[in-house]
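A.B. asks:
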Amino acid sequence: MRFAPHTDDDVSEMLAALGLSGLDDLFDQIPTDVRVGGRLDLPDGISEMELVAQMTALAGHDRSTDDLVCFAGAGAYDHYVPSLVWALAGRSEFQTSYTPYQPELSQGVLQVLFEFQSMICELTALEVSNASLYDGATALAEAVTMSRGAGRGRVLVSAGVDPRYVETLRTYGRGAGYEPQLFDLQDGRGGAPVFTPDVAAIVVQHPNRLGILEPVRELFGEARDWGARTIQVFDPLSLGVLSPPGELGADIAVGEGQSLGNHLNFGGPYLGLIAARLDDVRRMPGRIVGETLDVDGTTGYVLTLQAREQHIRREKANSNVCTNQTLMAIAATVYMSWLGPQGLAELGRQCASKAAYAAQRLCEVDGVELLHPDAPFFKEFALRLPRPAEDVRDELVERGILAGVPLEDADGHALLVALTERRTRRQIDALASAMGEVLS
Amino acid sequence: MRFAPHTDDDVSEMLAALGLSGLDDLFDQIPTDVRVGGRLDLPDGISEMELVAQMTALAGHDRSTDDLVCFAGAGAYDHYVPSLVWALAGRSEFQTSYTPYQPELSQGVLQVLFEFQSMICELTALEVSNASLYDGATALAEAVTMSRGAGRGRVLVSAGVDPRYVETLRTYGRGAGYEPQLFDLQDGRGGAPVFTPDVAAIVVQHPNRLGILEPVRELFGEARDWGARTIQVFDPLSLGVLSPPGELGADIAVGEGQSLGNHLNFGGPYLGLIAARLDDVRRMPGRIVGETLDVDGTTGYVLTLQAREQHIRREKANSNVCTNQTLMAIAATVYMSWLGPQGLAELGRQCASKAAYAAQRLCEVDGVELLHPDAPFFKEFALRLPRPAEDVRDELVERGILAGVPLEDADGHALLVALTERRTRRQIDALASAMGEVLS
Amino acid sequence: MSIGAPIRTQGPEGPTTLKDRSRPGRRAFGFAALDVPEALPDEGFRRRAPAGLPEVAEVDIVRHFTRLSQMNYGVDTGMYPLGSCTMKHNPKVAETVAALPGFQRLHPLQPDHTAQGALEMMWGLEQAMCEITGMARATLQPPAGACGEMTGLLIMRAYHAQHGGSRTKVIIPDSAHGTNPASVRLAGFEAVPVPSDARGLVDVEALEKLCDDQVAGLMLTNPNTLGLFETDIVRIAELIHGVGGLLYYDGANLNAILGRCRPGDMGFDIVHINTHKTFATPHGGGGPGAGPVGVVERLVPYLPAPTVERTTEGFVLEHDRPHSIGRLQGFNGNFGVLVRAYAYVFAHGADGLKAVSERAALNANYLLRLIAEPFPAAYPGRPLHEFVTTARGLRGAHDVRAMDVAKRLIDLGFHPCTVYFPLVVEEALMMEPTETETKETLEAFAAAMLQVAREAVTDPQLLRDAPVTTPVRRLDEARAARHLTLHW
Amino acid sequence: MSIGAPIRTQGPEGPTTLKDRSRPGRRAFGFAALDVPEALPDEGFRRRAPAGLPEVAEVDIVRHFTRLSQMNYGVDTGMYPLGSCTMKHNPKVAETVAALPGFQRLHPLQPDHTAQGALEMMWGLEQAMCEITGMARATLQPPAGACGEMTGLLIMRAYHAQHGGSRTKVIIPDSAHGTNPASVRLAGFEAVPVPSDARGLVDVEALEKLCDDQVAGLMLTNPNTLGLFETDIVRIAELIHGVGGLLYYDGANLNAILGRCRPGDMGFDIVHINTHKTFATPHGGGGPGAGPVGVVERLVPYLPAPTVERTTEGFVLEHDRPHSIGRLQGFNGNFGVLVRAYAYVFAHGADGLKAVSERAALNANYLLRLIAEPFPAAYPGRPLHEFVTTARGLRGAHDVRAMDVAKRLIDLGFHPCTVYFPLVVEEALMMEPTETETKETLEAFAAAMLQVAREAVTDPQLLRDAPVTTPVRRLDEARAARHLTLHW
Ligand SMILES: Cc1ncc(COP(=O)(O)O)c(C=O)c1O
Ligand SMILES: Cc1ncc(COP(=O)(O)O)c(C=O)c1O
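Chains A, B, C and D supply the protein sequences, listed in that same order.
FYI, the numbering for the first sequence is 32 to 471, going by this note's numbering.
FYI, the numbering for the second sequence is 32 to 471, going by this note's numbering.
FYI, the numbering for the third sequence is 402 to 889, going by this note's numbering.
FYI, the numbering for the fourth sequence is 402 to 889, going by this note's numbering.
Okay, structure coming up:
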């Protein structure tokens with residue numbers, strides 16, 4: 032397959048205009064000793080027809096969530112993606128454009144991003160949102176970078192934060208010169224972080240990595256007394272039911288936006304959400320869209336506060352993000368418009384109710400209990416199983432069910448089970464009885 | 032699911048403005064004795080999520096050509112549909128518009144249809160094409176209607192014409208007052224039609240329903256001597272290799288356009304093609320787009336010669352077609368642009384070559400032979416099998432192959448096998464060996 | 402409300418066709434290398450000169466058709482109150498389910514046992530169509546309403562042929578859609594018009610006079626093309642049945658009465674349904690549609706073959722129908738359109754469909770109320786889902802015509818309503834807002850209509866010059882017909 | 402060539418947001434009725450006021466976003482010569498394969514044995530990336546180029562930490578992209594600029610002076626951001642390796658050299674690839690992308706975890722990597738983007754990829770030739786896939802600036818090139834036509850450039866007032882920053 036439109040005549044006419052005798056001449060400034068002698072060791076090109084056949088075969092070796100009933104979560108969720116989301120976000124004018132450096136012919140993307148920012152502010156009860164980051168984990172790393180400053184280098188992280196987020200934080204910390212300090216949970220939540228004047232920020236995930244609801248107000252209250260920034264990792268689809276980060280005292284809220292109309296995609300592309308208070312706007316990473324007027328006084332939208340960014344500030348920028356996840360933000364904007372306030376609330380109600388029902392049914396299985404029996408949870412909960420969770424999970428796959436995500440807790444006997452609005456009572460009952468069979 | 036956007040407030044405000052007390056009042060002119068007493072006996076409405084789940088389950092009971100290797104043809108073919116075809120034809124501005132009665136804001140559809148007409152003329156070597164009919168069978172019926180006139184009522188139809196087309200012709204004939212008169216083939220082609228001065232038209236399919244190439248020039252030559260119109264049923268994707276109808280002496284060419292970028296869709300929506308000579312333009316059915324100028328002298332496109340059509344001519348119109356298959360014509364235009372002249376020729380070359388290879392391999396199977404051994408064919412051929420074709424076909428389905436379409440010829444022992452560019456040598460060899468197993 | 406047609410203007414390229422972009426040797430296509438020996442038909446059969454298709458690259462194709470799409474107005478662009486066409490919002494989910502491989506990639510001639518899902522869908526849709534219209538059985542084969550009409554009329558013909566010989570006449574109201582008389586003629590009948598009375602309804606006295614033993618039947622749209630319900634329908638049915646005729650229901654306006662009343666209960670014997678209208682298939686720039694035809698018990702034997710039957714072995718296509726009028730097209734009808742209709746019907750359910758008609762009638766009546774002054778309804782009665790007003794009042798001193806109103810609406814950002822139909826109304830403006838428009842959009846459209854009415858007096862030239870915001874302005878249709886240019 | 406921006410102008414609606422369309426109680430969503438007992442968290446946890454999302458119907462949403470899309474320019478609309486961004490045609494087939502359920506609907510944490518196709522794809526893509534760049538292994542995890550840079554620099558850091566302690570400096574050319582210095586800082590290094598010489602290439606003498614035992618490495622784009630090949634690359638590599646440093650290759654310009662030369666063969670130790678540029682993923686209005694990072698053998702231990710390994714039991718995600726720098730994001734990278742890159746690479750094959758770079762270089766050089774007078778290249782050497790000219794010549798009497806040229810190009814129907822980058826060039830116009838533009842389009846674009854140059858003299862105000870064909874005209878960016886309005 033080739034997409035360069037040149038005919039042989041085009042090539043010779045263009046070469047002639049350049050006074051060149053062959054295409055190789057275009058590359059003669061490349062030192063001979065670094066040129067590729069022969070040909071790259073790659074197969075020959077193929078036609079679209081063959082490509083689709085090959086890749087359909089490849090994809091056929093996967094068991095998608097169309098085929099396995101999905102109770103897996105842990106940061107990526109099998110929520111329903113309405114048809115209109117990609118019918119609109121997939122419009123080629125959005126899809127084939129790039130960062131709106133030239134606002135006059137990019138008002139489409141700019142206005143969508145302005146609406147995206149607005150909706151994220153509505154969701155989180157915070158004052159500013161940017162136009163997307165890579166994903167939830169990197170959004171957390173960016174939030175921590177925002178928080179650190181002279182004399183405030185320490186970062187306290189709840190053990191309830193997703194382990195992959197913590198790993199990512201560690202990686203970023205290697206460059207920035209900090210080591211995230213974890214504080215343990217007590218019975219699956221809370222904990223006793225030790226504050227000192229040099230604490231830059233405390234990070235709490237709510238609902239946490241076990242699906243459990245955290246005493247966020249308490250944790251953040253103390254942090255603020257010490258002048259530390261408060262960072263909450265949130266689940267956007269919990270906010271129809273749960274208090275928004277802004278009300279819980281979060282200075283910065285970060286989250287994974289995949290569940291806002293994006294497919295699971297085996298982990299990406301996803302959508303990093305970040306929202307903060309107005310005072311922090313100049314420390315915010317990434318693109319920010321602002322409203323303004325044109326020379327005729329017509330309202331329009333532009334990228335604003337670019338002085339923060341790498342292309343202007345270069346080594347002084349506190350983030351290097353350039354290409355972001357705009358298309359996912361567009362999809363999220365369409366999805367949030369579809370939901371509306373009532374849909375958001377109903378979605379949360381269904382997830383919470385189905386999780387409660389599933390927990391109850393599963394705990395009826397001999398030897399199965401909640402890892403933290405008295406801890407309140409939202410749409411996800413951790414079970415303690417009588418056998419290693421991986422084995423149980425794999426045996427349930429044989430029965431067409433992806434029962435959840437095994438955890439290292441309880442020496443690998445813990446399974447994290449997530450419920451979305453897509454799961455039906457029948458599917459939950461089927462999971463419970465299959466679990467019963469596997470464990471009997 | 033509901034798509035009416037009315038809130039309760041909207042409804043009451045609107046009713047108030049109308050001075051009505053309830054929605055029922057809007058219908059009070061309907062006599063009580065014809066009103067529906069209770070409620071329609073239909074299930075309750077469901078959400079999009081449930082709808083997709085239910086219909087995915089339904090579709091799951093079908094074995095699509097993704098799953099069965101398809102050698103079935105007989106008027107509908109498993110050609111490859113390039114991704115760009117529906118990425119473009121599916122653009123919602125095309126999809127959600129209607130017949131371009133208001134040309135100024137319908138130039139998109141109008142220009143595409145103008146290009147469609149142009150490409151059909153290029154393909155067929157005829158002078159005029161319309162903007163689509165329902166499908167190949169109805170296109171034939173319309174062509175016959177075009178041909179009949181005072182003192183010329185008889186319609187001679189080759190037995191090589193698709194039986195479903197003949198049935199459709201019969202149906203239309205019931206209303207129009209003619210009975211298509213079939214003349215037999217000799218060794219799968221040709222035949223000896225008996226002409227009289229009252230013959231309106233002769234219909235020949237080339238390649239015919241057995242895939243065989245017809246002596247079109249001869250048959251049409253005689254017809255013209257008798258002043259009868261010559262109608263060829265053609266396969267658009269044969270025209271990269273085979274002489275176009277216009278050169279074979281056809282006055283009117285009709286065909287099934289499904290293979291031009293449209294999916295199989297279990298039989299529809301497809302695309303009726305019709306092209307003719309300029310003298311017949313005023314007898315042409317359906318929409319026709321013409322080029323013109325606007326008040327500023329800018330080139331633009333409009334529906335033209337509408338005086339032919341039902342909405343103007345009413346009972347004097349010689350066709351009743353209103354809604355047609357425009358979207359399929361748009362897809363066909365994109366597809367033909369993708370093919371270009373070289374692609375059309377290469378496609379034909381591949382179909383013909385693969386058909387020849389398949390025929391040879393299959394005839395190596397004991398007891399299998401060509402129904403008409405010496406007749407030249409294009410991409411389709413009929414086999415004579417030692418057992419009823421239906422049984423053999425069904426047994427091959429068990430092996431994941433849709434081997435072809437059983438025919439009534441040879442008392443049901445004939446199987447029509449079609450080859451498209453999608454079929455690989457491996458698949459053909461697999462068919463041959465599976466056929467061997469089934470028949471051994 | 403700022404001004405401007407909600408479509409892209411020409412842009413930098415002018416109206417160049419793909420042919421103009423063609424360059425010898427440029428290409429988009431690609432196939433696998435031929436993996437069998439080359440074999441071509443004999444020279445004598447072969448094409449000499451290659452077909453003059455354009456030679457372009459994928460990028461040319463993508464930009465060309467993307468640009469053209471942006472120059473086109475659709476329901477997804479804005480309100481499209483084209484009377485009689487039911488241009489409602491098309492749910493996106495219908496596209497999702499129609500694209501399921503199990504529906505989209507089925508060969509029409511594959512054996513029934515490999516297409517059980519498709520056949521079950523068709524069977525279920527037939528049931529639903531019968532329940533909604535009050536018919537006994539239905540065929541899903543007709544690809545559009547007009548074909549449905551011919552199907553129904555041929556059934557009428559076959560029925561009479563079996564019961565005391567052939568009849569010659571089919572009565573249709575003078576307000577009928579053009580396809581009605583055209584179909585009557587194609588079915589071998591003579592179309593006999595019955596006038597509308599002062600109410601805009603069938604003139605029952607006049608009808609009575611037309612009724613004799615040559616009347617094969619009557620075709621009626623109810624509500625009729627004026628959006629008015631034929632309140633004498635029971636009497637009309639008695640009259641026609643009284644002389645042994647059959648009643649044909651043109652379902653183009655079914656969107657007005659879902660769940661409220663059924664053609665079958667009104668006395669109709671044959672019904673066609675435009676699924677692309679009532680059950681929201683995108684109209685595709687002119688098609689495809691689907692025109693299922695339902696009939697009462699005694700007409701079932703005449704339905705086209707094949708039908709879908711449920712047997713103990715599952716669903717089958719039944720071809721053996723001795724009294725059938727035959728087939729109307731090549732395969733199983735516009736299956737892909739039927740999938741969308743099925744999705745629409747079962748997503749809404751009984752109450753949802755009833756609500757559709759309620760909202761459609763509410764919107765039509767509300768819009769009429771907003772514009773009745775200066776665009777009065779052509780007839781007094783309360784319309785259902787659509788109505789016909791007249792621009793007669795605007796002709797006045799400046800001779801502003803309905804078409805001028807339509808063109809000016811374009812500059813104000815709306816697709817015009819239907820103009821000059823039905824023929825019985827002078828300077829007709831036929832408006833069908835459908836149930837999916839919001840109150841705010843109806844009000845914005847009404848504001849535009851009132852603005853146009855004012856401008857007709859203050860600045861009539863503005864209307865005659867309209868549209869000015871479109872890629873092209875008013876086009877010379879006479880010229881198009883005089884110097885026929887039908888291809889590049 | 403007629404005039405007009407190839408996008409839709411505002412239309413009748415003005416810049417209303419969805420919030421303006423919101424009406425209490427209006428809705429688009431729908432869920433199945435709850436089929437289990439309701440159970441909600443305790444009051445204390447519950448949200449009090451509902452989130453202020455808009456309340457709109459599906460039809461509102463469809464029209465709103467359709468309208469906004471039409472107000473946006475993309476590669477599918479026309480030429481998009483944004484230098485350094487490689488805005489090439491995006492094959493539609495890539496979208497088809499990325500949407501296959503087996504790729505699109507996989508949970509990132511489902512067991513390896515249920516995701517063998519996905520893992521095989523990733524493994525195959527890693528192989529290809531290594532072959533194309535001359536590296537030993539690669540990670541596919543970084544979601545974009547900038548993250549790839551940080552990944553590579555952290556690998557550099559980890560390597561030095563294990564080999565004789567930490568080094569402080571990373572050298573980057575003054576023409577480098579902004580992400581380079583930013584990433585250097587984030588990786589805990591100090592960015593030390595090396596000047597360009599008269600050729601627009603790294604000043605080797607200056608570089609030599611900067612080389613000491615504190616140099617952790619050098620970051621280089623080759624061809625550099627001027628589109629010029631760093632001909633001294635071998636010598637540069639010797640210098641850096643000579644002081645124990647590592648060479649980092651910024652792959653943003655890889656589109657210039659596919660199959661011609663490989664970073665590994667030039668002496669680079671670390672390479673990032675912007676798959677969304679070179680391997681054509683639609684840029685999505687700003688993203689997503691993917692920034693795989695390849696390294697030479699000795700750096701493999703430091704690659705992020707997990708990696709994809711091929712074992713006798715099939716493909717697995719390997720997490721146990723003691724020396725790894727850790728993970729860069731939550732899961733397996735921007736998988737959906739990787740699928741598209743895989744499709745692109747294997748559709749083209751070895752020769753196809755080589756042809757890509759040949760055509761890219763041909764187009765860039767041809768375009769430069771057409772406009773060199775009056776827009777001379779900033780530096781003498783022959784560019785490869787892109788080039789930088791200057792509008793300096795236009796400032797003259799009328800003080801026309803590069804930005805004015807850009808804005809006027811919009812009215813002539815093209816997306817502007819990159820302006821004011823790289824910083825080393827005054828009034829820079831950076832153009833990357835890519836290989837997918839036709840000769841005719843290049844000529845049309847050149848004609849527009851020449852027209853603008855003429856107008857700069859004859860009618861400079863025309864340029865300063867541009868654009869006039871867009872939904873909005875020049876926007877007040879200062880105002881946006883002064884009165885921050887970041888949400889409705
Ligand atoms: C009243 C009426 N009857 C019949 C038809 C014909 O239906 P179709 O266009 O589906 O053939 C139409 C279509 O516009 C109509 O409005
Ligand atoms: C030269 C160069 N380096 C690095 C980058 C950063 O890559 P990304 O935008 O994928 O983060 C870019 C992107 O524009 C670039 O042009």
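Quick reminder that beta carbons are idealized off the backbone N, C-alpha and C, glycines included.
Could you give the DSSP three-state label for GLU452/B: helix, strand or coil?
C.D. replies: Correct three-state label for GLU452/B: coil.
A.B. asks: Apart from the five residues just before and just after ARG260/B, which ones in its own chain have a Cβ nearer than 7 Å to its Cβ?
C.D. replies: Correct list, in chain order: SER178, ALA231, ALA232, ASP282 and ILE283.
A.B. asks: For ASP461/D, which residues in chain B fall below 8 Å Cβ to Cβ?
C.D. replies: Within chain B, the residues near ASP461/D are PRO36.
A.B. asks: Closer than 7 Å, Cβ to any Cβ of chain B: which residues of the segment 94-112 of chain A, in chain order?
C.D. replies: Within the segment 94-112 of chain A, the qualifying residues are TYR111.
A.B. asks: When the Cβ atoms of the segment 326-342 of chain B are set against those of the segment 181-201 of chain B, are three or more pairs found closer than 8 Å?
C.D. replies: no
A.B. asks: State the Cα-Cα distance for the pair VAL908/C and PRO868/C, rounded to the nearest angstrom.
C.D. replies: Coverage of chain C is limited to positions 402 through 889, which leaves residue 908/C absent and any answer about it impossible.
A.B. asks: Among all residues, which have a Cβ less than 6 Å from at least one non-hydrogen atom of ligand 1, and in what chain order do they fall?
C.D. replies: CYS353/B, THR354/B, SER485/C, CYS486/C, ALA545/C, GLY546/C, ALA547/C, HIS578/C, THR580/C, THR622/C, THR626/C, ASP651/C, ALA653/C, ASN675/C, GLY690/C and GLY692/C
A.B. asks: Of all the residues that make up the segment 481-504 of chain C, which are near chain D by a beta-carbon distance shorter than 8 Å?
C.D. replies: Residues of the segment 481-504 of chain C with a Cβ closer than 8 Å to any Cβ of chain D, in chain order: HIS490, PRO492 and LYS493.
A.B. asks: Which bits of chain B does GLU79/A rub up against, with CB to CB less than 8 Å?
C.D. replies: TYR111, PRO113 and SER114
A.B. asks: Measure from the C-beta of LEU611/D to each C-beta in chain A and report whether the shortest distance is under 8 Å.
C.D. replies: no
A.B. asks: Among all the DSSP beta bridges, which residues are the ones paired with GLU411/B?
C.D. replies: ALA449/B
A.B. asks: Can you list, in chain order, the residues of the segment 441-471 of chain B whose Cβ is nearer than 8 Å to any Cβ on chain A?
C.D. replies: Of all residues in the segment 441-471 of chain B, the ones placed with a Cβ closer than 8 Å to any Cβ belonging to chain A are GLU452 and ARG453, in chain order.
A.B. asks: Where does the unbroken beta strand (DSSP E) through LYS570/C begin, and where does it stop?
C.D. replies: 570-574
A.B. asks: What does PRO224/B touch in chain C if you count any residue whose Cβ is under 8 Å from its own?
C.D. replies: The contacting residues do not exist; PRO224/B stays about 21 Å from chain C at best.
A.B. asks: Could you spell out the range, first to last residue, of the alpha helix (DSSP H) harbouring GLU278/A?
C.D. replies: 276-279
A.B. asks: What three-state label does DSSP hand THR410/C in the structure shown?
C.D. replies: coil
A.B. asks: Specify the secondary structure class of LEU769/D as computed by DSSP and reduced to three states.
C.D. replies: LEU769/D: helix per DSSP, three-state reduction.
A.B. asks: Which of helix, strand or coil does DSSP assign to ARG939/D?
C.D. replies: Any question about residue 939/D goes unanswered here, given that chain D covers just 402 to 889.
A.B. asks: Check whether the segment 534-544 of chain C and the segment 716-734 of chain C touch, using three or more Cβ-Cβ pairs below 8 Å as the test.
C.D. replies: yes
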